[in-house]
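Take a look at the structure set out below.
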Amino acid sequence: MPNWNGRKPASRRNSMAINGSAPGGRLSLRQVFAAPLAIAIVSIIGLVSALVGDDIWDVLSWLTLAVPVAVILWYWLRRPT
Amino acid sequence: MRARTIKTWHLVHKWTSLVCTLFLLMLCITGLPIIFYEEIDHATGNVPDLPPLEGNATPAGTDAIVAAAQRLYPGEQVKYLIWDDEEPNLVYASLQGPNSAPDDFRTLAFDGRTAALLKEPNYNSGFMYVMVTLHIDLFAGLPGTLFLGFMGLLFVVSIVSGTVLYAPFMRKLTFGTVRHDKAPRAKWLDLHNLLGVVTLTWAFVVGGTGIINALAEPMLALWRMDQLAEMTAPYQGKPPLQEPGSVDRALETALAAAPGMKPDFVAFPGTDFSTDHHYMFAMLGDTPLTSRLIQPVLVDAETGGLIETRELPWYLTVLLISQPLHFGDYGGMPLKILWAALDVVTIIVLGSGVYLWLARRRSSSIEAEIAELERAEARLAAQ
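Quick note, the sequences are listed as chains E and X, same order.
If you're matching positions, the first sequence starts at 1 in my numbering and goes up one per residue.
If you're matching positions, the second sequence starts at 1001 in my numbering and goes up one per residue.
Set out below in structure tokens:
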């Protein structure tokens, strides 16, 4: 029966190709949240930095808050070769 | 996570999102130009330039400005004087007539050195007025503001529930997977998840500070009833002043009471920030943090004497810090541009959420995935 991601459940073995399937099927919770957590921490630093100071603190905000935007552009625009 | 837990979180996410999305889209779209309010204000000529001045004359002073404003509009009264953030010699006077609506002010821009009128900027009509008013209260006053604050609360719950749902549904995909080659629904689900999880911190902060800002009026009312009433208790029951006394003299008192600080604005007797007998000077410090936190100084409007100055209560401090974190105007133009980019991403997250809900099909959807998880659990339990 069709399911939402168009693949048969659990029995597929794939290499970690750009279609993104994890080897053996399932990532751990830590693996799932590693990148999002890192980006969240970087974002908090960015939000607070320009609030507490000027000049270098502003620059730190620009660099850190650019990270989520850059991550999005990178993953959205890349295509499988 | 058990299938039933996922089902519950999914329902929470779906319903909080569906109810708030239209209003959040409005808030994000009106919010985009508001990020650049200052620049647009300058570009439309609403901010006057100070003419060059010959010689070193003594500044005209605030009493002269008030007098000039009253001469121009004798039927109205000055309620606030506001010093420009960047140009200390640019002073705005806010006037109101006896029959004006409470939020309806006339603004006059004065040269603080000469008390000459520079301009009467228009804040009460035009594109930015519409954008700001829609964003703040949908043209519905305090009920509109509180309603939008509630939508903000739903938005924040939606973000939290979406984050919880990210876990079980991203177990089989590495971070950043976007399935361009599959059906559009899969691709947009991946984009919704990716853009959502990457921007959730920013969206949570802007949404949360939006809720706090929506509570500004009630918080101010609380301050009036609590601290302001306490500080001015001896004046209860006195008849209101006919003519408030000299602002210059009161300003001197305020400057002496808050050394090293400069005035942001002064509220005249009979306004929301003051009582019928006092000037309330909002003083600002000069470090990045103290330049945002107001130190209120209460001065007797009749005698010019100091009543009291004390730090703001915690809830007003929270409100004042929530403002830059909501507006994104505290780190120069690069920060504003990033703020706008994240705003656009949020619009895409909201829009893709609507698309995913509209494009849901009965036989293949999140519900089917949950059903599959339930079957897998049953199999595990049977082993």
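Cβ coordinates follow ideal geometry from the N, Cα and C atoms, glycine included.
- Within chain X, the residues H1180 have their CB atoms less than 8 Å from the CB of R79 (chain E), given in chain order.
- With a cut-off of 8 Å on Cβ pairs, the stretch 1206 to 1213 of chain X is in contact with the stretch 1135 to 1152 of chain X, counting three or more such pairs.
- Residues V1178, R1179, H1180 of the same chain have their beta carbon placed closer than 8 Å to that of K1187 (chain X), with the five preceding and five following residues left out of the count.
- Sequence-distant Cβ neighbours of G1144 (chain X) in its own chain, meaning closer than 6 Å and more than five residues away, are D1137, L1138.
- Residue pairing by DSSP places M1283 (chain X) opposite X:P1263, X:Q1295 in a beta bridge.
- With a threshold of 16 other beta carbon atoms within 10 Å, F1127 (chain X) falls short and is exposed.
- Taking a Cβ-Cβ threshold of 7 Å, the residues of chain X close to I39 (chain E) are V1198, in chain order.
- Cβ neighbours of R1002 (chain X) within its own chain (closer than 8 Å, five residues either side excluded): E1377.
- Taking C-beta atoms as the reference points, I39 (chain E) and V1198 (chain X) count as a pair closer than 9 Å.
- CA-to-CA, the gap between W1314 (chain X) and L1220 (chain X) works out to about 12 Å.
- Note that the C-beta distance between P1269 (chain X) and P1296 (chain X) is not below 9 Å.
- Of all C-beta pairs linking the stretch 1331 to 1345 of chain X to the stretch 1275 to 1285 of chain X, fewer than three are shorter than 8 Å, placing the two stretches out of contact.
- Contact residues of the stretch 1326 to 1340 of chain X toward chain E are Y1330, G1331, G1332, P1334, L1335, L1338 (C-beta to C-beta distance below 7 Å).
- In the structure shown, E1230 (chain X) falls within a helical segment according to DSSP collapsed to helix, strand and coil.
- Setting aside the 5 residues that flank it on each side, G1328 (chain X) is surrounded in the same chain by I1035, L1335, K1336, W1339, each with a C-beta closer than 7 Å to its C-beta; the list follows chain order.
- Residue burial annotation: E1369 (chain X) is buried, with at least 16 other C-beta atoms found within 10 angstroms of its C-beta.
- Listed by position along chain X, the residues whose Cβ is nearer than 7 Å to that of R26 (chain E) are R1171, K1172.
- By the Cβ-count criterion, S1274 (chain X) is buried, with 16 or more other Cβ atoms from all chains shown falling within 10 Å of its own Cβ.
- Under the three-state reduction of DSSP, H1278 (chain X) is assigned to strand.
- Residues are counted here when their Cβ sits less than 8 Å from a Cβ of chain E; for the stretch 1199 to 1222 of chain X these are T1199, L1200, T1201, W1202, V1205, given in chain order.
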